[in-house]
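Asks: Sequence lines, in order, name chains A and B. Take the first sequence: its position 54, counting from 1, is numbered 54 in the numbering used here, and each next residue is one higher. Take the second sequence: its position 342, counting from 1, is numbered 755 in the numbering used here, and each next residue is one higher. Ideal Cβ positions, reconstructed from N, Cα and C, are used throughout, including at glycine.
There are 2 protein chains.
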Amino acid sequence: MPKSPVQINSDEVADFLKQLSEIGATKKNGMSRLAYSPEWVGAMDLCSDWAKKAGLEVRTDAVGNLWARLKGLDDTSSIVTGSHIDSQHNGGCFDGALGAIGGILALKAIRNQFGVPKKTLEAVVLCEEEASRFPSAGFWGSRAIVGKISKNDLETVKTFDGEPISDIMREINLNPDDIPKAKRNDIDVFIELHIEQGPILEDAGIPVAIVNAITGVAHFEITLSGSQNHAGAFPMDLRRDPMAGFAEITTKLIDHAHRLGRPAVTTVGRCQVDPGGPAVIPRKVTFSIDARHPNVALRKELYKVHRNIIKEVATRRNLKYSIKKMIDLEPCQSDPELVSTLKLAAKSQGIDALIMPSGAGHDTQQMSKISRTAMVFVRSKDGRSHTPEEYSSLSDCTAGIRVLAEALKTLAY
Amino acid sequence: MPKSPVQINSDEVADFLKQLSEIGATKKNGMSRLAYSPEWVGAMDLCSDWAKKAGLEVRTDAVGNLWARLKGLDDTSSIVTGSHIDSQHNGGCFDGALGAIGGILALKAIRNQFGVPKKTLEAVVLCEEEASRFPSAGFWGSRAIVGKISKNDLETVKTFDGEPISDIMREINLNPDDIPKAKRNDIDVFIELHIEQGPILEDAGIPVAIVNAITGVAHFEITLSGSQNHAGAFPMDLRRDPMAGFAEITTKLIDHAHRLGRPAVTTVGRCQVDPGGPAVIPRKVTFSIDARHPNVALRKELYKVHRNIIKEVATRRNLKYSIKKMIDLEPCQSDPELVSTLKLAAKSQGIDALIMPSGAGHDTQQMSKISRTAMVFVRSKDGRSHTPEEYSSLSDCTAGIRVLAEALKTLAY
Numbered sequence: 001m002p003k004s005p006v007q008i009n010s011d012e013v014a015d016f017l018k019q020l021s022e023i024g025a026t027k028k029n030g031m032s033r034l035a036y037s038p039e040w041v042g043a044m045d046l047c048s049d050w051a052k053k054a055g056l057e058v059r060t061d062a063v064g065n066l067w068a069r070l071k072g073l074d075d076t077s078s079i080v081t082g083s084h085i086d087s088q089h090n091g092g093c094f095d096g097a098l099g100a101i102g103g104i105l106a107l108k109a110i111r112n113q114f115g116v117p118k119k120t121l122e123a124v125v126l127c128e129e130e131a132s133r134f135p136s137a138g139f140w141g142s143r144a145i146v147g148k149i150s151k152n153d154l155e156t157v158k159t160f161d162g163e164p165i166s167d168i169m170r171e172i173n174l175n176p177d178d179i180p181k182a183k184r185n186d187i188d189v190f191i192e193l194h195i196e197q198g199p200i201l202e203d204a205g206i207p208v209a210i211v212n213a214i215t216g217v218a219h220f221e222i223t224l225s226g227s228q229n230h231a232g233a234f235p236m237d238l239r240r241d242p243m244a245g246f247a248e249i250t251t252k253l254i255d256h257a258h259r260l261g262r263p264a265v266t267t268v269g270r271c272q273v274d275p276g277g278p279a280v281i282p283r284k285v286t287f288s289i290d291a292r293h294p295n296v297a298l299r300k301e302l303y304k305v306h307r308n309i310i311k312e313v314a315t316r317r318n319l320k321y322s323i324k325k326m327i328d329l330e331p332c333q334s335d336p337e338l339v340s341t342l343k344l345a346a347k348s349q350g351i352d353a354l355i356m357p358s359g360a361g362h363d364t365q366q367m368s369k370i371s372r373t374a375m376v377f378v379r380s381k382d383g384r385s386h387t388p389e390e391y392s393s394l395s396d397c398t399a400g401i402r403v404l405a406e407a408l409k410t411l412a413y
Numbered sequence: 414m415p416k417s418p419v420q421i422n423s424d425e426v427a428d429f430l431k432q433l434s435e436i437g438a439t440k441k442n443g444m445s446r447l448a449y450s451p452e453w454v455g456a457m458d459l460c461s462d463w464a465k466k467a468g469l470e471v472r473t474d475a476v477g478n479l480w481a482r483l484k485g486l487d488d489t490s491s492i493v494t495g496s497h498i499d500s501q502h503n504g505g506c507f508d509g510a511l512g513a514i515g516g517i518l519a520l521k522a523i524r525n526q527f528g529v530p531k532k533t534l535e536a537v538v539l540c541e542e543e544a545s546r547f548p549s550a551g552f553w554g555s556r557a558i559v560g561k562i563s564k565n566d567l568e569t570v571k572t573f574d575g576e577p578i579s580d581i582m583r584e585i586n587l588n589p590d591d592i593p594k595a596k597r598n599d600i601d602v603f604i605e606l607h608i609e610q611g612p613i614l615e616d617a618g619i620p621v622a623i624v625n626a627i628t629g630v631a632h633f634e635i636t637l638s639g640s641q642n643h644a645g646a647f648p649m650d651l652r653r654d655p656m657a658g659f660a661e662i663t664t665k666l667i668d669h670a671h672r673l674g675r676p677a678v679t680t681v682g683r684c685q686v687d688p689g690g691p692a693v694i695p696r697k698v699t700f701s702i703d704a705r706h707p708n709v710a711l712r713k714e715l716y717k718v719h720r721n722i723i724k725e726v727a728t729r730r731n732l733k734y735s736i737k738k739m740i741d742l743e744p745c746q747s748d749p750e751l752v753s754t755l756k757l758a759a760k761s762q763g764i765d766a767l768i769m770p771s772g773a774g775h776d777t778q779q780m781s782k783i784s785r786t787a788m789v790f791v792r793s794k795d796g797r798s799h800t801p802e803e804y805s806s807l808s809d810c811t812a813g814i815r816v817l818a819e820a821l822k823t824l825a826y
């Protein structure tokens, strides 16, 4: 393995970020680049041009992912990096885009500086992650790679307006019936570079993180039912008030996650009150719980505590309750060797790096079904994401690409 | 004053309640008798017939209230009883109706049993209290009597469909321009019989209450603002989560009213979350507070504690907050002499009576502007009201009318 660190030109990083941010730009640095849209096609073409000019072998797979290959002496399996190119509606310019650009720039630098690798390296630009155009298409690109798109999905996955994804794909000359051809079974390693989308790095004053796990998440829908009555005529001590139960449960759930400390999180983001009049003790309150932990056992323990709190409060307050599980995704552990490699890569590059779990979901979770995985995070200003205010400094973005490139070099040479 | 107690025939109470409950009946004992509707006209005609047959002088005033008079030797001022005849949409058969019937039956019994009184007695059937047809017409009948309907109200008070109340009045031959003629300034006493609409009497096992005050009420709209962020990527310790603030404030407000004990009540009946996604820490939570106390000083103290809780929680959680007062009605104290008279009346009739404040609003609050007032409550099954399940037993209804009639006899003879 070459000892000299990979050099990454920050002017080029700035240029690539700027060019890509212009395709689908909305006002005030916003970005709307929805999967398979004309903006998306334009961005894919730009990435393809960059990869070709970098001397990589370029192809588009059946689902629309763009692959840029640097063939190694041993071509039996691949070390892959990349991220998605689609964005939220009026989201930011860094979410996904940084990792897509970073992969191409890392392979370009490695090829220029070290020539043909021992193992094949590939940069992938994934076609869809955000589910911002097709609400149930999330991770569409990486799902195709791991073989997790069914024939049924082609009919049921539709735009918010009801257009099937298969029709949309055909409009840009992708044949949805060919999606199974996008499946790969020769990927040894997948490393994704991404912005953090949270405030942990900024809070710690560190530019880059190595992600040791992607958190597990469950969504619950809770219903609490009591007795609807007159807010004036019904005394406190005779009420069966689901709002009182909801408020107490929410306070206790949030307090519990707070006391557990990072990386546990519990969020109540939705709440509906029936009937919802100012002078009426409600009949029913329905609310959501999003709760996450990257440790398998501690995640189970967290949900157990939730259930106990809900049961205890509802029983004491004489309320009926129901708990419905809406989503349940197991945590995804990074490969420990890859985490070590990334740590050493950061050290070689003289970059301070935190070890932390990801609280958000990523394509890496899909890729982990067929490959060893890990991620690199880059500091987000104010922890903001999915908003035009999303921002990571050029220096931090370059640092992230340097860590990624250094690790790829270590693995491939 | 005649010593023998007033006799009330419970068969006649049952008959009157039954007849009135058939006009505007909905299924399962429900009632929709909206002000100035054909059902309302029918019910008014029925009350008028009853009063005429009872030997009372009957007239309808300019706003549509029905007055039934038993002229006394001294006719310079009147002792009045009554309640409203309109109902909620699919409300119950007792709310308002009991007091309207009770007044006529009380005067009928008094006249038959004791002849001409020293002071003039009047039973009034008030035309509108519920605001169920005209959202801003609440207490329309009693407001006309106390002179609190302005010319402007005639244009601005409309049905939910936008029809001005003045047009509706003209359709049933009431001239809205004559409303000022409905004003009275010769009412010495007003006593309203009404169902409790709460569970306090049932809980105490007592059929009747003498109301010593009508509670004061304020409605507040509170807005809490924090930072919208990703539910997964943002750790608990860095959040500015208005849902956490809302839940803690609501828990503390409800707990505080609970500890103060009766008659303090605090209700959070409405809550809106922005944006309201399960995986999004909200940006803003807006909620209502309805808080009541019949004591002037304690009511102020209650709102001060509210403000302190909101300020303390919002400040500690780094949330912005605003408090908007939407409604603010001072408590209405019953006349202590009338309360004593009603207590003695209950005793004379051998009826156990509780002394309690009313947590709900009543026409009596309006009447207190021109007259000494008090109220009699009758036990409500399960404390339910504004629903077809609203129910008071014949025995309890009769008990309430006996207490009312006995007090009127004491005052008028």
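Counting only Cβ pairs nearer than 9 Å, list the residues of chain B close to threonine 250 (chain A).
Replies: As a working note, residue 250 (chain A) is residue 250 in the first sequence. Result: Met656, Ala657, Phe659, Ala660, Glu661, Thr663, Thr664.
Asks: Rounding to the nearest angstrom, what Cα-Cα distance links serine 132 (chain A) and serine 385 (chain A) in this structure?
Replies: Here residue 132 (chain A) corresponds to residue number 132 of the first sequence, with the count starting at 1. Here residue 385 (chain A) corresponds to residue number 385 of the first sequence, with the count starting at 1. Roughly 14 Å between the two C-alpha positions.
Asks: Going by alpha carbons, who is nearest to glutamine 228 (chain A) out of A:Arg240, A:Ser368, A:Ala144, A:Phe114?
Replies: The sequence position of residue 228 (chain A) within the first sequence is 228, counting from 1. Selected option, being the one with the closest Cα: A:Arg240.
Asks: For phenylalanine 234 (chain A), decide whether its Cβ has a neighbour in chain B, counting only Cβ atoms nearer than 7 Å.
Replies: Along the first sequence, one-based indexing puts residue 234 (chain A) at 234. Yes, contact with chain B.
Asks: Looking only at its chain, what residues have a beta carbon closer than 7 Å to the beta carbon of leucine 755 (chain B), apart from the 5 residues adjacent to it on each side?
Replies: Looking up residue 755 (chain B) in the second sequence gives position 342. Result list for leucine 755 (chain B): Ile623, Ala787, Val789, Val816, Ala820, in chain order.
Asks: Would you kindly work out how many angstroms separate the C-alpha atoms of threonine 823 (chain B) and threonine 636 (chain B), rounded to a whole number?
Replies: In the second sequence, residue 823 (chain B) corresponds to position 410, counting from 1. In the second sequence, residue 636 (chain B) corresponds to position 223, counting from 1. Between threonine 823 (chain B) and threonine 636 (chain B), the C-alpha separation is close to 52 Å.
Asks: According to DSSP, is valine 419 (chain B) helix, strand or coil?
Replies: The count along the second sequence starts at 1 and reaches residue 419 (chain B) at position 6. DSSP places valine 419 (chain B) in coil when its eight states are reduced to three.
Asks: So the beta strand (DSSP E) threonine 494 (chain B) belongs to, where does it begin and stop?
Replies: For the purposes of this step, residue 494 (chain B) is taken as residue 81 along the second sequence, with counting starting at 1. Segment 487-497, the beta strand (DSSP E) holding threonine 494 (chain B).
Asks: Using DSSP with H/G/I as helix, E/B as strand and the rest coil, what is methionine 788 (chain B)?
Replies: In the second sequence, residue 788 (chain B) corresponds to position 375, counting from 1. Methionine 788 (chain B): strand per DSSP, three-state reduction.
Asks: Any chance the stretch 134-154 of chain A sits against the stretch 87-96 of chain A, with 3 or more Cβ pairs inside 8 Å?
Replies: Result no; under three Cβ-Cβ pairs closer than 8 Å.
Asks: Would you please state the rounded distance, in angstroms, between the beta carbons of serine 288 (chain A) and proline 655 (chain B)? I believe it to be under 8 Å.
Replies: Mapped onto the first sequence, residue 288 (chain A) falls at position 288. Mapped onto the second sequence, residue 655 (chain B) falls at position 242. Actually they do not touch by this definition, with Cβ atoms about 15 Å apart.
Asks: Run through DSSP, which three-state label would aspartate 795 (chain B) get?
Replies: For the purposes of this step, residue 795 (chain B) is taken as the residue at position 382 of the second sequence. Three-state result, aspartate 795 (chain B): helix.
Asks: For glutamate 714 (chain B), go through chain A and note every residue whose CB falls closer than 8 Å to its CB, in chain order.
Replies: Locating residue 714 (chain B) in the second sequence gives position 301, where the first residue counts as 1. Chain A residues near glutamate 714 (chain B): none, gap ~16 Å exceeds 8 Å.
Asks: Restricting to runs no shorter than 4 residues, where is the alpha helix (DSSP H) found entirely within the stretch 699-783 of chain B?
Replies: Listed in chain order, they are 709-729, 749-761, 776-780.
Asks: To the nearest angstrom, how far is the alpha carbon of valine 146 (chain A) from that of serine 371 (chain A)?
Replies: Looking up residue 146 (chain A) in the first sequence gives position 146. Looking up residue 371 (chain A) in the first sequence gives position 371. Those two C-alpha atoms are separated by around 9 Å.
Asks: Can you confirm whether serine 225 (chain A), when its beta carbon is compared against all beta carbons of chain B, has any partner nearer than 7 Å?
Replies: The sequence position of residue 225 (chain A) within the first sequence is 225, counting from 1. Judged by the 7 Å Cβ criterion, serine 225 (chain A) is not in contact with chain B.
Asks: Residue ranges of each alpha helix (DSSP H) run of no fewer than 4 residues wholly in the stretch 125-186 of chain A, ordered along the chain?
Replies: Runs found: 140-146, 151-156, 165-171.
Asks: Could you give the C-beta distance for leucine 651 (chain B) and aspartate 203 (chain A), rounded to a whole number, given that I count them as a contact under 8 Å?
Replies: Within the second sequence, residue 651 (chain B) is the residue found at index 238, counting from 1. Within the first sequence, residue 203 (chain A) is the residue found at index 203, counting from 1. Sure, about 6 Å apart at Cβ, within 8 Å.
Asks: Can you say whether glutamine 779 (chain B) is buried or exposed, counting buried as having 16 or more other CB atoms within 10 angstroms of its CB?
Replies: As a working mapping, residue 779 (chain B) is identified with position 366 in the second sequence. Counting Cβ neighbours within 10 Å, glutamine 779 (chain B) comes out buried, since at least 16 surround it.
Asks: Could one say the Cβ of cysteine 93 (chain A) lies closer than 7 Å to chain B's Cβ atoms, at least one of them?
Replies: Working through the first sequence from its first residue, we reach residue 93 (chain A) at position 93. Answer no: the Cβ-Cβ gap between cysteine 93 (chain A) and chain B never drops below 7 Å.
Asks: Could you give the residue range of the alpha helix (DSSP H) that holds serine 225 (chain A)?
Replies: Residue mapping note: residue 225 (chain A) aligns to position 225 of the first sequence, counting from 1. No alpha helix (DSSP H) holds serine 225 (chain A); the beta strand (DSSP E) holding it covers 216-225.
Asks: Out of B:Gly455, B:Leu807, B:Lys416, B:Thr777, point me to the one whose CA is closest to valine 827 (chain B)'s CA.
Replies: With chain B represented from 414 up to 826, any question about residue 827 (chain B) goes unanswered, as that position is not in the structure.
Asks: Tell me which same chain residues have a C-beta within less than 8 Å of the C-beta of proline 199 (chain A), skipping the five on either side of it?
Replies: In the first sequence, counting from the first residue as 1, residue 199 (chain A) sits at position 199. So the list reads Ser380, Asp382, Gly383, once near-sequence residues are dropped.
Asks: Would you say glutamine 113 (chain A) reaches chain B, if we count a Cβ-Cβ gap shorter than 7 Å as a contact?
Replies: Indexing the first sequence from 1 puts residue 113 (chain A) at position 113. False, the Cβ-Cβ gap to chain B never drops below 7 Å.
Asks: Please list, in chain order, the residues of the stretch 132-165 of chain A that have any C-beta partner in chain B closer than 9 Å.
Replies: Result list empty, no residue passes.
Asks: Sort out for me which residues DSSP pairs glutamine 272 (chain A) with in a bridge.
Replies: Locating residue 272 (chain A) in the first sequence gives position 272, where the first residue counts as 1. A:Thr286, per the DSSP bridge assignment.
Asks: When you compare only the Cα positions, how much space is there between alanine 62 (chain A) and alanine 68 (chain A)?
Replies: The residue you call residue 62 (chain A) lines up with position 62 of the first sequence. The residue you call residue 68 (chain A) lines up with position 68 of the first sequence. If I take the Cα positions, the gap works out to 15 Å.
Asks: Tell me whether glycine 516 (chain B) sits in a helix, a strand or coil according to DSSP, three-state version.
Replies: The sequence position of residue 516 (chain B) within the second sequence is 103, counting from 1. Reduced to three states, the DSSP call for glycine 516 (chain B) is helix.
Asks: Mapping DSSP to helix, strand and coil, what is arginine 472 (chain B)?
Replies: By 1-based counting over the second sequence, the position of residue 472 (chain B) is 59. Strand at arginine 472 (chain B).
Asks: Using only CA atoms, which one of A:Lys148, A:Lys151, A:Ser21, A:Gly138 lies nearest to alanine 100 (chain A)?
Replies: Stepping through the first sequence from its first residue, residue 100 (chain A) is reached at position 100. Minimum Cα distance to alanine 100 (chain A) is reached at A:Ser21.
Asks: Identify the contact partners of isoleucine 604 (chain B) in chain A, using a Cβ-Cβ distance below 8 Å as the criterion.
Replies: Taking the first residue of the second sequence as 1, we reach residue 604 (chain B) at position 191. Result: empty, since nearest Cβ-Cβ is about 19 Å, beyond 8 Å.
Asks: Would you report the Cα separation of histidine 671 (chain B) and aspartate 290 (chain A), rounded to the nearest angstrom?
Replies: Here residue 671 (chain B) corresponds to residue number 258 of the second sequence, with the count starting at 1. Here residue 290 (chain A) corresponds to residue number 290 of the first sequence, with the count starting at 1. Each residue's Cα considered, the two are about 30 Å apart.
Asks: Can you confirm whether alanine 209 (chain A), when its beta carbon is compared against all beta carbons of chain B, has any partner nearer than 7 Å?
Replies: For the purposes of this step, residue 209 (chain A) is identified with residue 209 of the first sequence, where counting begins at 1. No, because no Cβ of chain B sits closer than 7 Å to the Cβ of alanine 209 (chain A).
Asks: State the CB to CB distance for the pair alanine 399 (chain A) and isoleucine 351 (chain A), rounded to an integer number of angstroms; the pair is presumed to be in contact (CB under 8 Å).
Replies: As a first step, residue 399 (chain A) must be located in the first sequence, where it is residue number 399. As a first step, residue 351 (chain A) must be located in the first sequence, where it is residue number 351. With 8 Å as the limit, alanine 399 (chain A) and isoleucine 351 (chain A) qualify as a contact, their Cβ atoms being about 5 Å apart.
Asks: Got a sec: is the Cβ-Cβ distance from cysteine 684 (chain B) to anything in chain A below 7 Å?
Replies: Here the question's residue 684 (chain B) lines up with position 271 in the second sequence. With 7 Å as the cut-off, cysteine 684 (chain B) counts as an interface residue toward chain A.
Asks: With DSSP run on the structure shown, which of helix, strand or coil describes valine 426 (chain B)?
Replies: Indexing the second sequence from 1 puts residue 426 (chain B) at position 13. Helix, per DSSP.
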